[in-house]
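A short write-up of the structure that comes next.
There are 2 protein chains.
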Amino acid sequence: MNSQQFREAAHAAIEEIIEYNETLPTRRVLSAVPPGYLAPLLPTTAPHTPEPFSQIQPDISAHIMPGLTHWQHPNFMAFFPATTSYPSMLAELYSAAFTAPAFNWLCSPAVTELETVVLDWVAQMLGLPEEFLSKGEGGGVIQGTASEAIAVCMVAARERMLGRMLEREGLKEGTEEWEERKGELRGRLVALGSEQAHSSTQKGAIVAGTRYRSVPAPREDGFRMTGGHLREVLERCKREGKVPYYLTVSLGTTSTCAVDAFEEIAGVLKEWPDVWVHVDAAYAGAALVLPEYQHLTKAFVHFDSFDMNMHKWLLTNFDASCLFVRRRHDLTSALSITPSYLRNTFSDSGLVTDYRDWQIPLGRRFRALKIWFVLRSYGIDGLQSYIRNHIELGELFHSLVKGRPDLFSVLTGPAFALTVITVVPKRPQQMRNASKPDPRHEAFTNDFTPDAEKQALFDANAVTKEVYELVNSRGEIFITSGVVNGTYAIRIVSANANTEEKYIRRAFEILVETAEEVLGKGEANGSAN
Amino acid sequence: MNSQQFREAAHAAIEEIIEYNETLPTRRVLSAVPPGYLAPLLPTTAPHTPEPFSQIQPDISAHIMPGLTHWQHPNFMAFFPATTSYPSMLAELYSAAFTAPAFNWLCSPAVTELETVVLDWVAQMLGLPEEFLSKGEGGGVIQGTASEAIAVCMVAARERMLGRMLEREGLKEGTEEWEERKGELRGRLVALGSEQAHSSTQKGAIVAGTRYRSVPAPREDGFRMTGGHLREVLERCKREGKVPYYLTVSLGTTSTCAVDAFEEIAGVLKEWPDVWVHVDAAYAGAALVLPEYQHLTKAFVHFDSFDMNMHKWLLTNFDASCLFVRRRHDLTSALSITPSYLRNTFSDSGLVTDYRDWQIPLGRRFRALKIWFVLRSYGIDGLQSYIRNHIELGELFHSLVKGRPDLFSVLTGPAFALTVITVVPKRPQQMRNASKPDPRHEAFTNDFTPDAEKQALFDANAVTKEVYELVNSRGEIFITSGVVNGTYAIRIVSANANTEEKYIRRAFEILVETAEEVLGKGEANGSAN
């Protein structure tokens, strides 16, 4: 493909992308293809002779589009958003043109230096403590995903903990004794996260090769991890001879966007100063662009790392996970393969940053460009209005739900534009029966209430699940469900560039209609019995 | 940025990219900026108000371009190539538009399914054994980098080895006994790689939390790992109670593009059947598109995984590392966080692939698109001519070097377009003196030869290093050096889309001129003494 062919092909691709975006509302948000749809449509081997772009491009609309789930669709209200924007796409195009596996500074100084600059911009924009900026001992680095950031921090935490333990035992690095003992101690390490922490902490523990234990975060605590529950788990570990070395705290859990009790947790951890605390703010961290949320960052001075995905709520195409650490030396001393006797203050001082030592892979893409383009194209003001608008629409949705207590119960929220609801089962007769002590066996009275509650929960779970599945199978909107401490719930979060009030209202209508349909059916069944 | 603004901005970006590519030869290949050049040129915080693209774009040429090292430059002959192409850029643009953190099939079925299809294309194009295709128990997955692929395989290998050991001891998964014993056994695990294997194996061992030991691959073996040296290391491990669980073999080592003795190694490992063998073919694996190299893949049926970067030699912009495994279950059983009692034959049969269980991060980009575009735009024939041309130019360079034995000595190559050379020091007088026994202390005669050799090596290293540094500091070409088993050597590899014979010849001229200058200076110094 020569320059002129590229120009023509690129213009055609751009028109297709514009057309795609403008026609999004007319498409089915969730792909309806069956598993294995694609292979039969394509040749079984690569072609031997070159194909012109005019032959390749039509396959995008013919074969790829039907298999896409449209994350920018105004009716995409599932998981968390994953947004893109035109400025971000342009930056990704430049990045592809300037391709380099920029594993060190020299490979392309701009790749490293722009990353340092824009991550300082992000840190300030989010109101992170100064410690996380590059000018001191901390700094930011772009990872692929929040889960990768967690794995990186866990490996660094494991090495830091083992190093400290071994040094306290008077052992010397590099000796066989050190290695032997390190192996023994490694088996005692435990990573912690709340029950509501994203599963990537559990996976990170697999990668790091350590145990994992979860901290209760029950409904009565609003699904937040509290200092009290954390202390219980820490003390149990101690009694059992286990060594907690890492903890994920969440700013916005996956199920309900709960925020852990940071100050309490920091207080408890004063007695466990070697535990690495990582703040997983993958989605909700974006809300820290708003001053009214920045009080949340105060406790971060006690923590070791913080991660937020620009590629979720902040208009930057995947991947752009921003990890900040309080002491970059914690990462580089674990992940640099330059032996310690070759390390120098020149490198550690940050004059030259080799980000390969801040991550698992060696090579890296020029991802800072898209963050740079997005921050400049929207400006902090633009991003603030963007986030605020979604939060307000989340509040609107919540108020609509509250207006129909006959159909819905709010489990949590609105929190960061997410509302989590359950459908209210219509079995008043049965429930009353179950709750009322039966005079024939009064001795069991005390057992009756829990049974009734269980039955009520069972009923609620059943209808909520039915409503959820019916809504998604009809395909007008796409939502996700989750089981939160035994409760089956529906999560609704609408937060991309195409989100609008009318889509929120329509989504609520769909939920109402579907709930009425399901509950009506239940009543019909009930009366038939 | 609305559609019309995007159209205009994109057209401008495309013109800039075309102009960049067409003027590459006129640019300085290696960026000459000093550390910290960028921050003073940019604001210290993100702007509050939005900036139009017309304000952003000029900063690319003003501030970013000077900080780029141009990997597509015809005079880029350093490291290994990292190529891009117009079709690849277009695919990256589409990928950014369709952004999704496609962590499971449903998130965008096309992302998963196209990946399976094109990786089968790649496997067949490279002549990999059938076992690595998706139709059986194997399959391919796109990782970010070859180093990430290594880390993933090491974690899977660690879990597979520990699982087998624990089962043989009669323990039951999920019990405390299993966990306890697992911790003990983990401390005995050792990952292996040859001395010449890329350092990412050593880093992978850090990530996986195990020991690492290297296998000698000395000059007399052509820097290849042989069965004999591997056996020695395996037996030493056994004597010491260590358990080798993973081995990297290389198809094209970083320093010299050596190919390990696969058949011999497979033979030795019959006695260690639990060791996971990973073939790191990050760069040279691309040459397997040529039938004349495909005999190399025969031994792979004995190995567990193979990785090759499309983003090095095959015109696909970073990142596109293609990892193939013989049994995908080895990856998913280690990396899936779905508990075993929830796993099903439906998923394991491959009807629906969840690539999140084949990698460390959760989310993933739509990277299959660019491989698809590149394979179709060039065709297998096109890629074959492309690779063959570079290999022939590598042979040309080698023949030029051989024509000047007074200046250069070939350490290795040409291999996969890479030639590794040293500069021949001009100290005949001193060397003869050093080699000739001094009659005053004949007793030490036997010590004289090694000293002379050491001195010769020292001299050669000194002049080679001087030539290398002078060439790079002048900036017309960019090459890398390396120390291979004590020998300081210069690596020259030219293999991107802009590579041409005239640039190869000019690079050789520069090396000759610089070597003559350095050696002439040495002589002048010598005669002055």
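Listed in order, the protein sequences are those of chains A and B. The numbering of the first sequence is my numbering, which starts it at 1307 and goes up by one. The numbering of the second sequence is my numbering, which starts it at 1307 and goes up by one. Glycine residues also receive a C-beta, built at the ideal position from the N, C-alpha and C atoms. Model, not experiment: these values are computed from the prediction.
Under 8 Å Cβ-Cβ, which residues of chain A neighbour valine 1461 of chain B? Taking the first residue of the second sequence as 1, we reach residue 1461 of chain B at position 155. Simply Ile1512, Val1513 and Gly1515.
Would you report the Cα separation of serine 1367 of chain B and threonine 1560 of chain A, rounded to the nearest angstrom? As a working mapping, residue 1367 of chain B is identified with position 61 in the second sequence. As a working mapping, residue 1560 of chain A is identified with position 254 in the first sequence. Cα to Cα, the separation comes out at about 41 Å.
Report the three-state DSSP secondary structure of alanine 1834 of chain A (helix, strand or coil). Within the first sequence, numbered from 1, the residue matching residue 1834 of chain A stands at position 528. Caution applies to alanine 1834 of chain A, whose pLDDT of 41 falls short of 50 and renders its modelled position unreliable; the value that the coordinates give is listed next. Correct three-state label for alanine 1834 of chain A: helix.
Could you check which residue in A/His1696, A/Val1799, A/Tyr1661 and A/Arg1474 has the C-alpha nearest to that of threonine 1718 of chain A? Mapped onto the first sequence, residue 1718 of chain A falls at position 412. Looking at the Cα atoms, A/Val1799 is the closest of the given residues.
Any idea which residues DSSP pairs histidine 1584 of chain B with across the strands? One-based indexing of the second sequence puts residue 1584 of chain B at position 278. Beta-bridge pairing links histidine 1584 of chain B to B/Thr1554 and B/Ser1611.
C-alpha distance - asparagine 1899 of chain A paired with glutamate 1475 of chain A, whole-angstrom precision: Missing from the structure shown is residue 1899 of chain A; chain A here goes from 1307 to 1835 and no further.
In chain order, which continuous runs of the beta strand (DSSP E) of length 3 or greater are located wholly inside the segment 1433-1490 of chain B? 1445-1449
Specify, as a first and last residue, the run of the alpha helix (DSSP H) that leucine 1641 of chain B falls within. Along the second sequence, one-based indexing puts residue 1641 of chain B at 335. Note, leucine 1641 of chain B: alpha helix (DSSP H), 1634-1641.
Please confirm whether serine 1453 of chain B and alanine 1503 of chain B have their CB atoms less than 8 Å apart. Working through the second sequence from its first residue, we reach residue 1453 of chain B at position 147. Working through the second sequence from its first residue, we reach residue 1503 of chain B at position 197. It is not a contact, given that the beta carbons lie outside the stated cut-off.
Contact between the segment 1603-1610 of chain A and the segment 1701-1709 of chain A (3+ Cβ pairs under 8 Å): no
Answer with yes or no whether the minimum CB distance from threonine 1770 of chain A to chain B is below 8 Å. The sequence position of residue 1770 of chain A within the first sequence is 464, counting from 1. Not closer than 8 Å to any Cβ of chain B, the Cβ of threonine 1770 of chain A fails to qualify, so no.
Checking contacts by CB at 8 Å: is aspartate 1687 of chain B closer than that to chain A? By one-based count along the second sequence, residue 1687 of chain B stands at place 381. It does: the Cβ of aspartate 1687 of chain B has a partner Cβ on chain A nearer than 8 Å.
How big is the Cα-Cα spacing for glutamate 1819 of chain B and isoleucine 1810 of chain B? Taking the second sequence and counting its residues from 1, one reaches residue 1819 of chain B at position 513. Taking the second sequence and counting its residues from 1, one reaches residue 1810 of chain B at position 504. Cα to Cα, the separation comes out at about 14 Å.
Listing by chain order, which chain A residues have their CB less than 8 Å from the CB of histidine 1354 of chain B? For the purposes of this step, residue 1354 of chain B is identified with residue 48 of the second sequence, where counting begins at 1. In chain order: Gly1685, Ile1686 and Asp1687.
Chain A partners of leucine 1399 of chain B, CB-CB under 9 Å? Stepping through the second sequence from its first residue, residue 1399 of chain B is reached at position 93. What leucine 1399 of chain B touches in chain A: Ala1316, Ala1319, Ile1320, Ile1323, Met1395, Leu1396, Glu1398, Leu1399 and Ala1402.
May I ask you to list the residues that DSSP assigns as paired with leucine 1498 of chain A? Counted from its first residue, the first sequence places residue 1498 of chain A at position 192. According to DSSP, leucine 1498 of chain A bridges with A/Arg1519 and A/Leu1553.
So, with DSSP's three-state summary, where would you put arginine 1525 of chain B? Here residue 1525 of chain B refers to the residue found at position 219 of the second sequence. It is helical.
To test your reading of the DSSP string, which unbroken alpha helix (DSSP H) runs of 4 or more residues are found completely within the segment 1763-1789 of chain B? none
Quick one: what's got a C-beta closer than 8 Å to glutamate 1322 of chain A's C-beta in the same chain, skipping five residues either side? Along the first sequence, one-based indexing puts residue 1322 of chain A at 16. Counting only Cβ-Cβ distances below 8 Å, and skipping sequence neighbours, we find Gln1363, Ile1366 and Ser1367.
If you drop the 5 nearest sequence neighbours on each side, which residues of the same chain put their C-beta closer than 8 Å to that of alanine 1319 of chain A? Counted from its first residue, the first sequence places residue 1319 of chain A at position 13. Listed in chain order, the non-local C-beta contacts of alanine 1319 of chain A below 8 Å within the same chain comprise Gln1363, local neighbours out to five positions each way being set aside.
Answer yes or no: does any C-beta atom of chain B fall closer than 8 Å to that of proline 1550 of chain A? By 1-based counting over the first sequence, the position of residue 1550 of chain A is 244. Output row for proline 1550 of chain A: interface = no.
Does the beta-carbon of glycine 1442 of chain B have 16 or more other beta-carbons within 10 angstroms, so that it is buried, or is it exposed? Translated into the one-based positions of the second sequence, residue 1442 of chain B becomes position 136. Exposed.
Only counting the same chain, and skipping five residues up and downstream in sequence, which positions put a Cβ closer than 8 Å to that of cysteine 1413 of chain B? One-based indexing of the second sequence puts residue 1413 of chain B at position 107. Cβ within range, chain order: Ala1406 and Pro1407.
Could you work out which residues of chain B lie near valine 1339 of chain A, taking near to mean beta carbons separated by less than 9 Å? Along the first sequence, one-based indexing puts residue 1339 of chain A at 33. Chain B residues near valine 1339 of chain A: Pro1415, Ala1416 and Glu1419.
Below 8 Å on the Cβ atoms is my guess for valine 1680 of chain A versus proline 1393 of chain A; work out the distance and round it to an integer in Å. In the first sequence, residue 1680 of chain A corresponds to position 374, counting from 1. In the first sequence, residue 1393 of chain A corresponds to position 87, counting from 1. Indeed, because the Cβ distance is near 5 Å, the residues count as touching under 8 Å.
Find out if the Cβ-Cβ distance for the pair threonine 1562 of chain B, alanine 1721 of chain B is shorter than 8 Å. As a working mapping, residue 1562 of chain B is identified with position 256 in the second sequence. As a working mapping, residue 1721 of chain B is identified with position 415 in the second sequence. Yes, these two residues count as a Cβ contact at 8 Å.
Give the residues from the segment 1582-1613 of chain B that approach chain A closer than 8 Å (Cβ to any Cβ), ordered along the chain. none
Looking at chain A, which residues of the segment 1803-1820 of chain B have a Cβ within less than 8 Å of any of its Cβ atoms? none
The beta strand (DSSP E) with proline 1393 of chain A in it runs from where to where? Position 87 of the first sequence, counted from the start, is the residue given in the question as residue 1393 of chain A. Unbroken run through proline 1393 of chain A is the alpha helix (DSSP H), 1392-1403; no beta strand (DSSP E).
Who are the Cβ neighbours of cysteine 1459 of chain B in its own chain at under 6 Å, not counting the five residues just before and after it? Your numbering for residue 1459 of chain B matches position 153 in the second sequence. Hits under 6 Å: His1584 and Ser1611.
DSSP three-state label for isoleucine 1512 of chain B, please. By one-based count along the second sequence, residue 1512 of chain B stands at place 206. Isoleucine 1512 of chain B: helix per DSSP, three-state reduction.
Cβ-Cβ distance between tryptophan 1411 of chain B and proline 1341 of chain A below 8 Å: Position 105 of the second sequence, counted from the first residue, corresponds to residue 1411 of chain B. Position 35 of the first sequence, counted from the first residue, corresponds to residue 1341 of chain A. Yes, the Cβ-Cβ distance between tryptophan 1411 of chain B and proline 1341 of chain A is below 8 Å.
Below 7 Å on C-beta distance, what does valine 1658 of chain B contact in chain A? As a position in the second sequence, residue 1658 of chain B is number 352, starting the count at 1. Near valine 1658 of chain B (Cβ distances below 7 Å), the residues of chain A are Pro1341.
Proximal residues, the segment 1668-1679 of chain A versus chain B, C-beta separation under 7 Å: Leu1668, Gly1669, Arg1671 and Phe1679
For proline 1353 of chain A, I'd like the list of residues in its chain whose CB is within less than 7 Å of its CB, leaving aside the five on either flank, ordered along the chain. Your numbering for residue 1353 of chain A matches position 47 in the first sequence. Within the same chain, proline 1353 of chain A has no close Cβ partners at all.
Quick one: complete alpha helix (DSSP H) runs, 4+ long, within the segment 1340-1372 of chain A? 1359-1362
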